[in-house]
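Count along the sequence shown starting at 1, add 7, and that's the number in this note's numbering.
We treat Cβ as the ideally placed atom computed from N, Cα and C, and that holds for glycine.
Just so we're clear, the structure is a prediction, and the values are computed from it rather than from any experiment.
Single-structure report; data block below.
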Amino acid sequence: MAARCASGILLPSSSVSSGYSKGRVLAILQAPRQKLEESPLRLPKDLQRQSSEEVPKINTRPREKNIKTPSEDDRDYSDSITISKLYALAEAVADRAEMHANVGEQRADWNELLINSINAITLSAATMAGLSAMSAGPGSSSPAAAFQVSSAALYSAATGLLLVMNKIQPSQLAEEQRNAARLFRQLYTQIQTTLNVGNPSPSEAERIMEKILALDKAYPLPLLPGMLEKFPKKVEPSVWWPPLLQQSSRHFKTKAADKNINGWSGDLEEELRRVRGVVKGKDVAEYVRLCKLVLKVNRILAFSGPFLTGLGAIGAAAAFVGSSSGSSSWPALLGVAAGALATVVNTFEHGGQVGMVFEMYRNCGGLYRLLEESIDSTLKEEEVEERENGEVFEMKVALQLGRSLSELRNLGAASNEDDNGTEPEFAGKLF
């Protein structure tokens, strides 16, 4: 039955007759198979052309692997170590900034609390000295003696507290810590900028480490020991940066004098030299003079306060000793007057924060000294290509002085006295 169906599919049933032999049928069935085996299949020419164009060419060459040389591996390792160091330094700087800010607030509170307490003690002692004089008389020796002894004790306590307070100068301590916190925050910003720009040099971490140590030395955290001298014998601007000046101090003519290289030219170098002269001769010298003046006033006030409270204690003690002998009332008068004057002096010294003003002037002088040394160290770099870009450096100098670029360029013309004999203006306009 299956053979019958197969034959029906290959040939029509009407064309198959019973007269055909079995061998002829087999020959007819095997003929197409022989033709297929003898002639291979071929596509039309159009299809052959299209298929040959679509088949991609096979690259028989082996793939090149991204193999790094040992020098590149070392460079990548060095960069990763430098970045890790910078992140560690940034964490240390942020921690120091927070510590100095907290200590600055604490010492500002010290100044406020101590001056209020000392003034309250001094006024109480003066009041008791006056009450002792009013209650002095026949049969009233006991109340007067109590007032006199209490007044002498309060004056003695106020004298001791004032000696300590004038020694440490809490307002100046607070200003030191505020400056340190600001400078550490500034250094933290510089580290972040270096990391954001990318490709930091290995020397960058060492340079930042030196800046951190210089700030630690300039603004110590502990009160004792290591506190900065509050009444120095020699007044100089604050220094919170590592040395910038090179060992060689000889004068030379750089390549920038002939043509513009890296933003530098001979005119720009001459302009910055004149600006440096104005900064050194006017601004730094002026702030040193102000520091000396404020320091002299602070010395007088620091001596006068304890001296007056000491006089008040002597007056109260003399009133107690003289009450039994019936002497005059001048000891009580001395106790009251000395207490009133001591309150005024202490309020002017610590309420007016004279120590803070001294530190502020010294810090301003340090800012101008840093600018002066920055200009010196930059101009003494013989390789102009190794310097910071001249236009960028000029803009930074102008911003630190609070001037525009045109004002900075005109500043050098006034570095010497003009024909009318008037002195040149100060370089800084910001403070």
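**Asked** Quick one: Cα of residue 235 to Cα of residue 177, how far?
**Response** 12 Å
**Prompt:** DSSP state of residue 337, grouped into three classes?
**Reply:** helix
**Request:** Consult DSSP for residue 435 and reduce its assignment to one of helix, strand or coil.
**Result:** coil
**Message:** Suppose contacts are defined by Cβ-Cβ distances below 9 Å. Is residue 439 in contact with residue 86 by that definition?
**Reply:** Beyond the ends of the chain as shown, which are 8 and 438, falls residue 439; an answer cannot be given.
**Message:** Let's test the definition: count the other Cβ atoms within 10 Å of the Cβ of residue 435 and tell me whether it reaches 16, buried, or not, exposed.
**Reply:** buried
**Request:** Assign residue 123 to buried or exposed, taking buried as 16 or more other Cβ atoms, counted over all protein chains shown, within 10 Å of its Cβ.
**Result:** exposed
**Item:** Where the alpha helix (DSSP H) containing residue 196 begins and where it ends
**Value:** 177-204
**Prompt:** Looking only at C-alpha atoms, which of 305, 373, 326 sits nearest to residue 360?
**Reply:** 305
**Prompt:** Using the C-alpha atoms, what's the distance from residue 219 back to residue 210?
**Reply:** 14 Å
**Request:** Verify whether the separation of the beta carbon atoms of residue 155 and residue 324 is less than 9 Å.
**Result:** yes
**Prompt:** Under 9 Å, do residue 322 and residue 339 count as touching if we go by C-beta distance?
**Reply:** yes
**Request:** Please go through the same chain and pick out, in chain order, the residues whose beta-carbon is closer than 6 Å to the beta-carbon of residue 336, but skip the five residues on each side of it.
**Result:** 140
**Message:** Using a Cβ-Cβ cutoff of less than 7 Å, which residues in the same chain neighbour residue 114 once the five nearest sequence positions on both sides are dropped?
**Reply:** 177, 180, 181, 184
**Request:** Classify residue 43 as buried or exposed, calling it buried when 16 or more other Cβ atoms lie within 10 Å of its own Cβ.
**Result:** Annotation note: pLDDT 42 at residue 43 (below 50); position unreliable, coordinate value reported separately. By the neighbour-count rule (16 or more Cβ atoms within 10 Å), residue 43 is not buried but exposed.
**Asked** Of the choices 119, 278, 151, 295, whose alpha-carbon is the least far from that of residue 404?
**Response** 278
**Candidates 308, 233, 347, 242, of which the one nearest residue 162 by Cα** = 347
**Prompt:** Closest by CA to residue 272, which one among 246, 391, 433, 413?
**Reply:** 391
**Message:** Applying the 10 Å Cβ sphere with the 16-neighbour rule, what's the burial state of residue 28?
**Reply:** Because residue 28 carries a pLDDT of 43, less than 50, the predicted location of this residue cannot be relied on, and the following value inherits that uncertainty. By the 10 Å Cβ count, residue 28 comes out exposed.
**Request:** Compare the C-alpha of residue 409 against each of 107, 352, 286, 353 and name the closest.
**Result:** 286
**Range covered by the alpha helix (DSSP H) that runs through residue 416** = 412-418
**Prompt:** Do you know whose CA, among 212, 276, 415, 367, lies nearest residue 397's CA?
**Reply:** 276
**Request:** Give the DSSP-derived three-state secondary structure of residue 247 in the structure shown.
**Result:** coil
**Message:** So, at 7 Å on beta carbons, what are the nonlocal neighbours of residue 103 in its own chain, with the 5 sequence-adjacent residues on each side left out?
**Reply:** 191
**Request:** Express the C-alpha separation of residue 125 and residue 93 in angstroms, rounding to a whole number.
**Result:** 47 Å
**Message:** If the criterion is Cβ atoms closer than 9 Å, does the pair residue 100 and residue 198 meet it?
**Reply:** yes
**Request:** Going by CA-CA distance only, name the one from 414, 168, 189, 301 that's closest to residue 127.
**Result:** 168
**Request:** Could you tell me which of 238, 284, 251 sits nearest to residue 362, measuring between CA atoms?
**Result:** 238
**Request:** Please check the pair residue 202 and residue 382, which I expect to be a contact at CB under 8 Å, by giving their CB distance rounded to whole angstroms.
**Result:** Not a contact, Cβ separation roughly 27 Å.
**Asked** When the Cα atoms are used, what is the spatial distance from residue 375 to residue 368?
**Response** 11 Å
**Message:** What does the alpha-carbon distance come out to for the pair residue 373 and residue 186?
**Reply:** 11 Å
**Message:** Taking its Cβ as the centre, do 16 or more other Cβ atoms sit within 10 Å of residue 319, making it buried, or is it exposed?
**Reply:** buried
**Prompt:** If you draw a straight line from the alpha carbon of residue 166 to that of residue 242, how long is it in whole angstroms?
**Reply:** 28 Å
**Asked** What are the start and end residues of the alpha helix (DSSP H) that includes residue 370?
**Response** 361-386
**Message:** Just to confirm my understanding: we take residue 130, look at its own chain, exclude 5 residues before and 5 after, and list those with CB closer than 7 Å. What are they?
**Reply:** 346, 350
**Endpoints, the alpha helix (DSSP H) within which residue 218 is located** = 209-225
**Asked** Nearest-angstrom Cα distance between residue 384 and residue 288?
**Response** 18 Å
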